[in-house]
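Chemist: Under the numbering used here, the residue at position 14 of the sequence shown is numbered 181, and the numbers go up by one with no gaps.
We put the beta carbon where it would ideally sit given N, CA and C, even for glycine.
Predicted model, so just to flag it, every value in this text is computed and none were measured.
The structure is given below, and queries will be raised subsequently.
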Amino acid sequence: MIELPTWLGDAVMATPAIENIINYYENSNVTLIGSINSTEALKHHPKINRTFVLEKNYISLYKITRQLGRFDIFFSFRSSYRTKFLSFFISSKKKYQIKKEKNQKYHQV
168 MIELPTWLGD AVMATPAIEN IINYYENSNV TLIGSINSTE ALKHHPKINR
218 TFVLEKNYIS LYKITRQLGR FDIFFSFRSS YRTKFLSFFI SSKKKYQIKK
268 EKNQKYHQV
């Protein structure tokens, strides 16, 4: 599972990294989760199996984590509290998330 950046421009800038993840795990089922703009831009990729649009409130965020199922790996290009909440409730063996504290001088994407 890959959580996309919220803003469309950031999602587009993250596509090389997303493409590398998809190619590295070439026989995997890839699920994207993110804002409506980001998921719409990338949902037609041939190796994307499912997309989920995140709502802003925490209750719907929790509910969507129950629908998602289990994942081998969770990647996030975000560092918000919502992402930490999402990461906590997602059932995944490994989780990778940008840490804003370490990268404050640089753009996350």
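Less than 6 Å between C-beta atoms, sequence neighbours within five positions excluded: which residues of the same chain meet that for residue 232?
Modeler: The residues are 256, 257.
Chemist: State the Cα-Cα distance for the pair residue 221 and residue 200, rounded to the nearest angstrom.
Modeler: Near 7 Å, if we compare the C-alpha coordinates of residue 200 and residue 221.
Chemist: Just to confirm, are residue 254 and residue 241 a CB contact at a threshold of 8 Å?
Modeler: yes
Chemist: Between which residues of its own chain and residue 259 is the CB-CB distance below 8 Å, once the five residues before and five after are set aside?
Modeler: 168, 237, 238, 239, 240, 241
Chemist: To the nearest angstrom, how far is it from the Cα of residue 202 to the Cα of residue 171?
Modeler: Each residue's CA atom was taken as its position, placing residue 202 and residue 171 some 8 Å apart.
Chemist: Going by DSSP, what residues sit across from residue 201 in a beta bridge?
Modeler: 220
Chemist: Check the DSSP bridge columns for residue 258 and list the partner residues they point to.
Modeler: Paired residues: 237.
Chemist: I think residue 181 touches residue 244, with their Cβ atoms under 8 Å apart; what is that distance to the nearest whole Å?
Modeler: 5 Å
Chemist: Taking only the alpha-carbon atoms, compute the straight-line gap between residue 208 and residue 264 and give it to the nearest angstrom.
Modeler: 21 Å
Chemist: Would you please state the rounded distance, in angstroms, between the beta carbons of residue 197 and residue 210? I believe it to be under 8 Å.
Modeler: Distance from residue 197 to residue 210 at the Cβ level is roughly 11 Å; contact not present, criterion being Cβ atoms closer than 8 Å.
Chemist: Please state the DSSP three-state secondary structure of residue 169.
Modeler: strand
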